[in-house]
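These notes concern the structure reproduced below.
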Amino acid sequence: MKSLKRFGLLPFIILAIILGVVLGGVMPIWGLRIFATFASLFGNFLKFIIPLIIVGLIVPAIGHIGRTAGRLLLLTILLAYLDGAFAGFFAYLGSVKVFPGLIPAKNAVGEAGNIVPLEPFFTVEMPPVFDVVSALLLAFTLGLGIAYFQGKYMKGFFEEFRQIVEWVISKAIIPLLPLYIFSIFLSMSHTGEAMHVLRVFMGVIGVIFAMHLFWLILEYSIAGLVVKRNPLRMLLTMLPAYFTALGTSSSAATIPVTLQRTQKLGVNDSVASFVVPLCATIHMPGSILKITSCAVAVMLMQNQAFDAGMFAAFILSLGIMAIAAPGVPGGTIMTALALLQSVLGFADTDQALMIALYIAMDSFGTAGNVTGDGAIAVIVDCFRQKAP
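With our numbering, letter number 250 in the sequence shown gets 356, and the count goes up by one each step, no holes.
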């Protein structure tokens, strides 16, 4: 646990993938089945905990946002959501144009189907308390009710429930993710899929990084058009925030730098102090872009059918889910697992691939999120000046 905090999650994920690829071809079957058993148990636990994560994170998030009134709050939330949603649609369109050339339709994953997959020694069913759709409906109903009535007992209960959920994520799920991914790549190496997946990963990461840069330029082009200023100069002003987030992989840890650079853009101090901390929680275009692109890549790798309507529902829902993402490494992808499962039909192996791809680019998404916060603050400040 201390090593995970010291070095971060990414090195352990990379090590897990490498060891899984190397050992999958030499480990005896009984050893492979031990890790297959762990992967089965952990995957079932994820299915159990995901609806509770939805309720535990979304209910207090809606209740907290709803207790603050004002046009600036509503504008900030609307801009953050629209930016994330449009980033998701841009990612989908770019991915379906580019990724098929990187991921041939008839690939090693499909050809490995003749190999019998590893069977766990045993499995334990862990049925969820309620399904994902019920969890979403319950979360929105309770969250809006708490925001409207401001009941202190319900609010306090769900604040404590949120702390329990975040504790489970940070103390149980996140530390075990490297072992889970190691187990998945052991199985893929045994079936011959692993090397193909790694080759695809490199191309996908490069494309997603390019899309991130394009989206940042687009965000500041729109902000520059609104305030009639040079967008590239504004973007250059925010670069210290970008590189700070690149190193920390944390929107919260980057708030002081983001706030300082946003004020350098000429944004009113009170507006910057309001928008930047709020956007550190709710403005996630970089993460949504990354998750959407990774989802397309995984579905192509696994020869799964999808269409624009399916991803439209996924992206619009993901924009809401991202608001409730916890402030822990990999928190956004953990929140998105419910939608990946319910909307896109992801199985355990698909989810493990998504987690590996996402963590590999975690800092890129965070850097895109916090840098874009400056563009949101500029537009909100312009609205404040023109409002009667």
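All residues carry an ideal CB built from backbone N, CA and C; glycine is no exception. Keep in mind that this is a model prediction, so the values were computed, not measured.
Nearest to residue i (by Cα), restricted to the options the options
{"i": "SER276", "options": "THR455, TRP321, THR441", "result": "THR441"}
{"i": "PHE420", "options": "LEU125, GLY137, GLY190", "result": "GLY190"}
{"i": "MET390", "options": "GLN408, SER423, PRO346, LYS153", "result": "SER423"}
{"i": "PRO157", "options": "LEU443, ALA466, LEU450", "result": "LEU443"}
{"i": "GLY131", "options": "MET260, SER293, LEU188", "result": "SER293"}
{"i": "LEU181", "options": "VAL486, GLN491, LYS492", "result": "VAL486"}
{"i": "GLU272", "options": "TRP136, ILE155, ALA481, PHE489", "result": "ILE155"}
{"i": "THR247", "options": "VAL476, LEU178, VAL161", "result": "VAL161"}
{"i": "LEU338", "options": "ILE465, LEU147, PHE320", "result": "PHE320"}
{"i": "PHE307", "options": "MET133, GLY372, ASN336, ALA462", "result": "ALA462"}
{"i": "ILE510", "options": "LEU406, THR387, SER399", "result": "The question about residue 510 has no answer here: the residues shown for the chain are numbered 107 through 494."}
{"i": "PRO117", "options": "TYR254, MET467, GLY480, PHE196", "result": "MET467"}
{"i": "LEU342", "options": "ILE323, LEU185, LEU188, MET407", "result": "ILE323"}
{"i": "VAL204", "options": "GLN410, GLN408, LEU185, SER399", "result": "SER399"}
DSSP-derived helix/strand/coil call for residue i
{"i": "ALA122", "result": "helix"}
{"i": "ASN213", "result": "In this predicted model, ASN213 has a pLDDT of only 46, less than 50, meaning its place in the structure is not dependable enough to derive any value."}
{"i": "LEU406", "result": "helix"}
{"i": "THR229", "result": "coil"}
{"i": "GLY207", "result": "helix"}
{"i": "ASN374", "result": "coil"}
{"i": "PRO134", "result": "coil"}
{"i": "PRO234", "result": "coil"}
{"i": "GLY257", "result": "coil"}
{"i": "LEU224", "result": "coil"}
{"i": "GLY219", "result": "Low local confidence applies: a pLDDT of 39 at GLY219 is under 50, so the model's placement there is unreliable, and no value is given."}
{"i": "THR174", "result": "With a pLDDT of only 47 at THR174, under 50, the local geometry of the prediction cannot be trusted, and no value is derived from it."}
{"i": "MET390", "result": "coil"}
Cβ-based burial, residue i [other Cβ within 10 Å; buried from 16]
{"i": "LEU384", "result": "buried"}
{"i": "ALA414", "result": "exposed"}
{"i": "GLY219", "result": "The pLDDT assigned to GLY219 is 39, lower than 50, so where the model puts this residue is not dependable, and the model offers no usable value."}
{"i": "ALA347", "result": "buried"}
{"i": "ILE314", "result": "buried"}
{"i": "ALA316", "result": "exposed"}
{"i": "MET344", "result": "buried"}
{"i": "ILE270", "result": "exposed"}
{"i": "ALA142", "result": "buried"}
{"i": "ARG268", "result": "buried"}
{"i": "PHE228", "result": "exposed"}
Beta-carbon proximity of residue i to residue j, cut-off 7 Å
{"i": "THR364", "j": "VAL382", "result": "yes"}
{"i": "LEU325", "j": "GLY478", "result": "In the sequence on display, residue 325 carries Glu and not Leu. Yes, the Cβ-Cβ distance between GLU325 and GLY478 is below 7 Å."}
{"i": "SER295", "j": "VAL127", "result": "yes"}
{"i": "PHE452", "j": "LEU445", "result": "no"}
{"i": "VAL404", "j": "MET460", "result": "yes"}
{"i": "GLY392", "j": "HIS318", "result": "yes"}
{"i": "ASP456", "j": "GLY149", "result": "no"}
{"i": "THR472", "j": "SER289", "result": "no"}
{"i": "THR360", "j": "THR350", "result": "yes"}
{"i": "MET474", "j": "LEU371", "result": "Contrary to the premise, residue 474 reads as Gly rather than Met in this sequence. Not closer than 7 Å, so no."}
{"i": "ILE193", "j": "ILE394", "result": "Checking the displayed sequence, the identity of residue 193 turns out to be Ala instead of Ile. Yes, Cβ-Cβ distance for ALA193 and ILE394 is below 7 Å."}
Contact test: residue i Cβ vs the ligand ZN heavy atom, cutoff 6 Å
{"i": "PHE263", "result": "With respect to the ligand ZN, the structure offers nothing, as it holds no ligand at all."}
Item to check | 3-residue-minimum beta strand (DSSP E) runs that sit fully inside the stretch 297-367, ordered along the chain | outcome: none
Next on the checklist: I'd like the ranges of any alpha helix (DSSP H) spanning at least 4 consecutive residues and lying wholly in the stretch 412-477.
Outcome noted: 414-429, 437-448, 454-466
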